[in-house]
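Asker:
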Amino acid sequence: MSFRRSISRTSAARRLRFRPKLLSACLLSLAAGSTAGAQATSSDSSLFGLKFPSGYFSRFDRVEVLASNTDGYGARFLPVPVTADLRVTLVKTPTGLDYGVGSQLGNLNVLVGVFGGVPKAEMNQSLPSGFQWNGLVQGKGALSRFAFGYTHSGNDGRFRLLNAVGLAAEAGVGAPYGYSEVSGFAPRSFGKLNTAVGLTGRLYTFPLQMDAQASFDLSLSANYSPLPGLLLEASHLERGVAGRVPIGGFGLGRVQESNFAATYRLAGPDTALRVGALRSRVARNWAGDRTTLLGDVLLRSSALPSMLGPSVGYQWGPGGQDGHWLVSLVALPK
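Residue numbers (mature numbering (1 follows the signal peptide of the UniProt record, and there is no 0)): -38 to -1, 1 to 296.
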């Protein structure tokens, strides 16, 4: 919920983690059956005879359910059955409890809660093009800021330009700052091979401290289907950084990450329950010297719109040390 896209902020390369996302498959499928027929023309949705606001079940597409031995257990962005798009988060992490409530009112986003042990209140207005603003207040000396800027996007969102100014404070250090970002995305297909190149440039300036930091991202991705049911996917992210910032929460670090996945979907009828897909994933964090290997078994059911199943893997730390197992629940669209 800020002008910037989700990017790594630490000076060290980030640790790769696979967070499973479930699209609330059970509720969506049950809702579809319950709202058929006469309910199709009604402004309400129903489930087991209970009435829900119109379009309530469609909000579950943003729900993130965590069931992992490394990231914790719980749900993020779970919609409350009221007319407004109100969502709650409750996750037991290895270090504590994350909880909060958020809402999206048109182009206005609001989030209040405690995350990572830090109280947080955030509000922002984000548009594809035009004037926008955002504000963030956090406790325990964490980053707080207010910014106002103008953004322009074009070519169906493949190009974006942003300029903003703001005030920020962290750990007793306050500073006005300027932020500029330009990004582009170029997809292209060659028969069964689909490729894409993404470029992002950023510049932070802090006039009072006479500091600045520039960063540049290059992302490459491709997917290819050599056989029916088999999909191969690969991606790489490269980031270079120069300069420094007085506000640590804005600082970016060197990133080199590669990912590869092979997914095989088993053909067969849409029965009550069967194995629907097998997937293997490999991730390499070159800057952090970490390697992650995962294997997924996805189960397919006629009662669910998505495939669900267990994921088991192993992660090796720097120098092959600090290894540990990864166990979680994952989802895959049918």
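We treat Cβ as the ideally placed atom computed from N, Cα and C, and that holds for glycine.
Comparing alpha-carbon positions, which option in L255, V207 and A293 lies nearest A239?
Answerer: That would be A293, whose Cα lies nearest to the Cα of A239.
Asker: Pick helix, strand or coil for D23, following the three-state DSSP scheme.
Answerer: Correct three-state label for D23: helix.
Asker: Could you tell me which residues DSSP puts in a beta bridge with S115?
Answerer: R122.
Asker: Could you pull out every residue in the same chain whose Cβ sits closer than 7 Å to the Cβ of A229, ignoring the five residues on either side in sequence?
Answerer: Taken in chain order, the residues that qualify are G191.
Asker: Taking Cβ positions, are R120 and F93 nearer each other than 9 Å?
Answerer: Contact flag unset, no.
Asker: If you drop the 5 nearest sequence neighbours on each side, which residues of the same chain put their C-beta closer than 8 Å to that of P90?
Answerer: Correct list, in chain order: T113, S115 and G119.
Asker: Taking the beta strand (DSSP E) that A224 belongs to, which residues open and close that run?
Answerer: From DSSP, the beta strand (DSSP E) with A224 extends over V217 to R227.
Asker: Just curious, the beta strand (DSSP E) that N31 is in, first and last residue?
Answerer: N31 -> no beta strand (DSSP E), and no H or E assigned at all.
Asker: Starting from S156 and walking both ways along the beta strand (DSSP E), at which residues does that stretch end?
Answerer: It is worth fixing the name first, because residue 156 is Asn in this sequence and not Ser. Note, N156: beta strand (DSSP E), L155 to F168.
Asker: Since I believe E132 is in contact with L105 (beta carbons under 8 Å), could you give me their beta-carbon distance rounded to a whole number of angstroms?
Answerer: Indeed they touch by this definition, with Cβ atoms about 5 Å apart.
Asker: Report the three-state DSSP secondary structure of G134 (helix, strand or coil).
Answerer: DSSP places G134 in coil when its eight states are reduced to three.
Asker: Using the beta-carbon count (16 or more within 10 Å), is K82 buried or exposed?
Answerer: Flag for K82 reads buried.
Asker: Rounded to the nearest angstrom, what separates H198 and T157 at their Cα positions?
Answerer: Their backbone Cα atoms lie some 12 Å apart in a straight line.
Asker: Which residue marks the beginning of the beta strand (DSSP E) containing F93, and which one marks its end?
Answerer: Note, F93: beta strand (DSSP E), G92 to Q100.
Asker: With DSSP collapsed to three states, give me the class of P267.
Answerer: The answer is coil: DSSP assigns P267 none of H, G, I, E or B.
Asker: Name the two residues that bound the continuous beta strand (DSSP E) containing N185.
Answerer: First-last of the beta strand (DSSP E) with N185: D173 to L189.
Asker: Could you pull the DSSP bridge partners for Q66 from this structure?
Answerer: The partner list for Q66 (beta bridge, DSSP) reads N71.
Asker: Grab the span of the beta strand (DSSP E) containing L52 for me, first residue to last.
Answerer: Note, L52: beta strand (DSSP E), L48 to T55.
Asker: Since F14 is in the beta strand (DSSP E), which residue starts that stretch and which ends it?
Answerer: First-last of the beta strand (DSSP E) with F14: L12 to F14.
Asker: Find the nearest neighbour of V99 within the set V72, L124, R252 and G111, judged by alpha-carbon distance.
Answerer: Per the Cα distances, V72.
Asker: For S290, name the three-state secondary structure that DSSP assigns.
Answerer: Three-state DSSP puts S290 in a strand.
Asker: Measure the Cβ-Cβ separation of G205 and Q171 and say whether it is below 9 Å.
Answerer: Not closer than 9 Å, so no.
Asker: Should N69 be labelled buried (16 or more other beta-carbon atoms within 10 Å of its own) or exposed?
Answerer: N69 is exposed by the Cβ-count criterion.
Asker: Tell me the DSSP secondary structure of P43 in three-state form.
Answerer: P43: coil per DSSP, three-state reduction.
Asker: Closer than 7 Å by C-beta to T233: which residues in its own chain qualify, once you throw out the five before and the five after it? Chain order, please.
Answerer: S264.
Asker: Going by alpha carbons, who is nearest to residue 298 out of L28, F22, G285 and T57?
Answerer: Lying outside -38 to 296, the shown extent of the chain, residue 298 is not represented and no answer is given.
Asker: Give the C-beta separation of G111 and A126 to the nearest angstrom, bearing in mind that I take them to be a contact with Cβ-Cβ under 8 Å.
Answerer: Confirmed, about 3 Å.
Asker: Considering only C-alpha positions, which residue in the set L291, A249, D251 and W287 is nearest to L260?
Answerer: For the residues L291, A249, D251 and W287, the minimum Cα distance to L260 belongs to L291.
Asker: Using a Cβ-Cβ cutoff of less than 6 Å, which residues in the same chain neighbour A(-14) once the five nearest sequence positions on both sides are dropped?
Answerer: Confidence at A(-14) is low in this model, with a pLDDT of 42, below 50, so the placement of that residue should be treated as unreliable; the coordinate-derived value is given next. L266, P267 and S268.
Asker: Bridge partners of L89, per DSSP?
Answerer: For L89, which the question treats as bridged, DSSP gives no partner whatsoever.
Asker: How many Å lie between T3 and S183 at the Cα?
Answerer: Only weak support is given to the placement of T3: the predicted model assigns it a pLDDT of 35, under 50, and the value that follows is read from those uncertain coordinates. Computed Cα separation, rounded: 43 Å.
Asker: Whole angstroms is fine: what's the gap from L255's alpha carbon to S30's?
Answerer: If you take the alpha carbons of L255 and S30, they lie about 15 Å apart.
Asker: For the beta strand (DSSP E) containing R236, list its first residue and its last residue.
Answerer: Per DSSP, R236 belongs to the beta strand (DSSP E) from R236 to N247.
Asker: Please go through the same chain and pick out, in chain order, the residues whose beta-carbon is closer than 6 Å to the beta-carbon of R241, but skip the five residues on each side of it.
Answerer: Here the set comprises T225 and D258.
Asker: Between L40 and G34, how many whole angstroms is the CB-CB distance? I'm expecting something under 8 Å.
Answerer: In fact, because the Cβ distance is near 15 Å, the residues do not count as touching under 8 Å.
Asker: Distance, Cα to Cα, G213 vs V237?
Answerer: Their backbone Cα atoms lie some 44 Å apart in a straight line.
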